[in-house]
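I have placed the structure first, in the form of structure tokens, so that the comments after it can refer back to it.
In UniProt numbering, the protein residues as written are 1 to 222.
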């Protein structure tokens, strides 16, 4: 990996890079091949440095043009850049993500977390400091638990059974026979399902059943 220890005049920084150089990185199968003072300097020598990951300060070194030269055109736009961004605050984290950094670490993250971030960046995988994730845990939960998923949970047990039958392509008459209820009751359940799922029709409701794993669970217990 390479390090860009950029320190603009008049700016105070913690000793992250000094600490990183003092750590026995060989234990983590990591070695430092180059240390540069600016991202522009790193971009100039990138071809000869043999470096697959660059560690830099988000606030000091995230500049679009030299970063593009540093990473080149080898990284598709749908993949993160092979960069570990060292962040101080939420603004730094946002800047790092906007610049497609693979990994986000904080100045005082542990050696194990930093090593994990470096390996993630080498694999073009996303790594975010656990403390950053913990700070945003509520937002992440809301993001992962989509409204449609919550609506599925709002179904009664009987509505759940009707939805599974519906998703398997059964008509109301077939559902009535399978569940030993009347067609009118099935129709009432279907209307309730469409309302709770905010689905326009049976096809859309069936798609949600597959999307949220109801049919996988059904097959597992069949």
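For each residue, glycine too, the CB sits at the ideal point set by N, CA and C.
Cβ separation of residue i and residue j, assumed to be a contact under 8 Å, to the nearest whole Å
{"i": "residue 206", "j": "residue 167", "result": "4 Å"}
{"i": "residue 54", "j": "residue 42", "result": "6 Å"}
{"i": "residue 106", "j": "residue 131", "result": "6 Å"}
{"i": "residue 103", "j": "residue 117", "result": "4 Å"}
{"i": "residue 140", "j": "residue 133", "result": "7 Å"}
CB contact below 8 Å: residue i versus chain D
{"i": "residue 134", "result": "Checking the listed chains, one finds no chain D in this structure; it contains a single protein chain."}
Residue i - DSSP class collapsed to helix/strand/coil
{"i": "residue 83", "result": "strand"}
{"i": "residue 4", "result": "strand"}
{"i": "residue 126", "result": "coil"}
{"i": "residue 56", "result": "strand"}
{"i": "residue 46", "result": "helix"}
{"i": "residue 27", "result": "helix"}
{"i": "residue 14", "result": "coil"}
{"i": "residue 181", "result": "coil"}
{"i": "residue 202", "result": "helix"}
Contacts around residue i, its chain only, beta-carbon distance under 7 Å, and the 5 residues preceding and following it disregarded
{"i": "residue 189", "result": "158, 159 and 162"}
{"i": "residue 193", "result": "155, 159, 162, 163 and 205"}
{"i": "residue 222", "result": "Unreliable placement is indicated for residue 222, whose pLDDT of 47 sits below 50; no coordinate value is reported for it."}
{"i": "residue 8", "result": "60"}
{"i": "residue 37", "result": "5 and 6"}
{"i": "residue 58", "result": "85, 86, 87, 92, 95 and 96"}
Residues of its chain near residue i, where Cβ-Cβ distance is below 6 Å and the 5 sequence neighbours each way are ignored
{"i": "residue 14", "result": "107"}
{"i": "residue 109", "result": "129"}
{"i": "residue 61", "result": "4, 6 and 39"}
{"i": "residue 100", "result": "80 and 81"}
{"i": "residue 111", "result": "23"}
{"i": "residue 219", "result": "Confidence is the limiting factor: at residue 219 the pLDDT is only 46, short of 50, which leaves the residue's position unreliable and the question unanswerable from this model."}
{"i": "residue 18", "result": "none"}
{"i": "residue 211", "result": "none"}
{"i": "residue 69", "result": "43"}
Same chain, Cβ closer than 8 Å to residue i, five either side skipped, listed in chain order
{"i": "residue 165", "result": "174, 175, 178 and 179"}
{"i": "residue 233", "result": "Because residue 233 is not part of the residues shown, which for the chain are 1 to 222, the question remains open."}
{"i": "residue 25", "result": "31, 32 and 115"}
{"i": "residue 45", "result": "34 and 36"}
{"i": "residue 170", "result": "178"}
Ranges of the alpha helix (DSSP H) found wholly within the region 88–121, counting only runs of at least 4: 90–98
Length-filtered (4 minimum) alpha helix (DSSP H) runs lying within the region 150–178: 157–167
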